[in-house]
Structures are given as structure tokens and as C-alpha cells.
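Just below is one structure, and these are the notes that go with it.
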Amino acid sequence: MVLKSFYSSNEKIRLDIFLKNNLNNFTRSFIKKLIEAGNVSVNNLIIKKPSLIIKAGTLISVEEPEIRKDTLKSFDFPIDIIYEDNMIAVINKPAGISVHPSKGEYEKTLVNALVGKISNLSGIGGIERPGIVHRLDKDTSGIMLIAKNDESHNALAMQFKNRIIKKTYIAFVYGVFQERTGNIEGFIERDPKNKIKMKLSKTKGKHSATSFKTVKTIDGIISLLEINPLTGRTHQIRVSMLEAGHPILGDKVYKKTEIRNKNEFKKFNFIDRQMLHAYKISFLHPKTSEIMIFIAKPPQDMLWGLKDTEYNMI
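The sequence shown begins at 4 in our numbering and counts up by one.
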């Protein structure tokens, strides 16, 4: 289906720049993906070169990416759908499931489950990531936004880019912060010693900012935090807590073995995944611009520490 068609009025301009100027809600990176995926035609010929120079009078057509569900095997997995309309869905992702197919896991992912449960999904993210606007780590639970068409996908992507979308997490961490509130800032880059890990640097990488407040302490050795990521970097919260000296309880990657092995913490060794949950999200509806706020009920494996708090939603 053709989304939009234009006639260029510019004498000479790059194809990707022309589209960026005429598709206000589309990011430059998304436009590049569209072109390279064969969803843009110039004078009725498919063009996959973003840098192509076009002239005045040229017809440019943009087609909506097709989601080929036959390439994704449906996975019969229960999904907690908090809200759904014709533009978006809001879900509560359980821990233990990857968001999209990747090396080593092609079938039992959230995307495979979504394909079987939600009739329409955006195609911008590519064949293996329909509907996916943002991610949660495999062992992180909580709220996620799902785009049901490309219009909503682009609108939400722009909100993430412009930091309009606000997210709140809750987490249990080792130890107690001296100050009940604080900010952790730095630059996140990939750890050269371990390609699956990120690390916080003072000068290299992408800027990262995370604010937190202590909700309560447990036995004087564990803290329940409310955390707000002000930027959206890979593993941002987990890296930031580790660098602050208070790694997330149960985190198998960003951990300090010497802390976990202390006698006072051994009673928490039954926990087998990071105690991190995406609790709340606020955003503007991609069609109506209405302010939307949703919360995701914390999972059973976190309820032990949520008594006498607003998060205890039994």
C-alpha cells in the first residue's frame, strides 16, 4: 500500500533528504531503512540508494513495509495485554523471554508470540521486529509499547527520540545509598573485554543519565528503588547501578561476586534473574495526542519485597 507520493520541486537533492523534509514524523534512520528495503520508488522504479540525487518533477512514492508473517513462526505464549486500540498495544512482558529473534533464539520470543495474538503490527523495524519500538532485556519484566502500524511506530519513535516518553522502573539493589535520591551520569560504551556487556565511562560513548530514589530498605542491606532513565541506552540502569556500587539483585552479568558472597546476602541467592521491572510509562497517543499513562503489575518473584508499597498490586 502506498503511504504517500510526491513530486520533487527541488532541482537537485538527495533522495533521503527529500523524504526527511516531506515526511515530518519519520526519522532519518527510518527513511534510510525504508529505501534500502525497497519501499521507495522513483518514477515507478524501486530505488535502494538513499544518496540518489533526484531532480525537479521526479515522482517519489513511499510504500508501507509488508510484514511477512510466514517468515515468523507463531509462538503460543500468554501475553498480558494492558491496553489495545487500532494504533497501539501496551503489554506487560514477563521475564525470561527475549523481545525479538536473534542468534540462538529464533522462535520462542515476544515477537513470535505477538504475531499470533495481535492482527496488525508495524513493519518498520524489519521482518524480525514487527511492532517493536523499544526493547526490554530478556530477564527484565514490565511494560512495553507495541506499534500496530507504521504511522504509530514513527510517532512513538519520534517521542522516544525527543524524550517525550517517560518510563519508571522499580528494582531491588544490593546495599543502601547514603542519599535517598540521586543521579548517575556518564557515557555508556561497549566493554572491549566482553562484547555482551556495556560499561560506564567518563568520556567515551553515548551520554547516559539515570535518576533514582529509595522507596524503602529491607533488613538494612537491600534497597527498593524507583528509577527513571533520562536517556535510553543499552543496559543503562543495570550498568549505572553497578557503577554506583549497588548492582541489581540477581543480575548475572552486571554483578560484584564479592558482594553476593557476603553472608548477609546469601539468603537472597534464591533469586535467579535481575530484580528489575518496567513499572510505568507515559506518552502521547500517536493519533490523538492524548496523554496516556499505564502501569504494569510487578511479577510474583518481586512481591516478597513490595509489601506496604504502592507497587504491591496483589
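Built from N, CA and C at the ideal position, the CB exists for glycine as well. Given the structure is predicted, the values throughout are model-derived calculations rather than measurements.
- In the pairwise beta carbon analysis, the region 246-262 is classified as not touching the region 111-127: fewer than three pairs are separated by under 8 angstroms.
- F215 has its alpha-carbon roughly 6 angstroms from the corresponding atom of G185.
- Sequence-distant Cβ neighbours of Y10 in its own chain, meaning closer than 8 angstroms and more than five residues away, are G60, T61, L62 and I63.
- Going by beta carbons, G235 and F163 fall inside the 8 angstroms limit.
- As the crow flies, the alpha-carbon of P133 is around 19 angstroms from that of G145.
- For the set S12, S54, H103 and L159, the Cα lying nearest the Cα of F29 is the one of L159.
- Leaving aside the five residues that flank M244 on each side, the residues in its chain whose CB is nearer than 6 angstroms to its CB run, in chain order, V176, P250 and I251.
- The closest CA to that of L306, considering only L279, F21 and K283, is found on L279.
- According to the DSSP assignment, D83 belongs to the beta strand (DSSP E) that extends over D83 to E87.
- In this structure, the beta-carbon distance from I16 to I82 does not fall below 8 angstroms.
- For G223, the CB contacts under 7 angstroms within the same chain, skipping 5 residues up- and downstream, are V179 in chain order.
- In the DSSP assignment, K198 forms no beta bridge with any residue.
- If you draw a 10 Å sphere on the C-beta of S32, you find fewer than 16 other C-beta atoms in it, and that means exposed.
- For E66, there is no enclosing alpha helix (DSSP H); the enclosing beta strand (DSSP E) covers residues L62 to E66.
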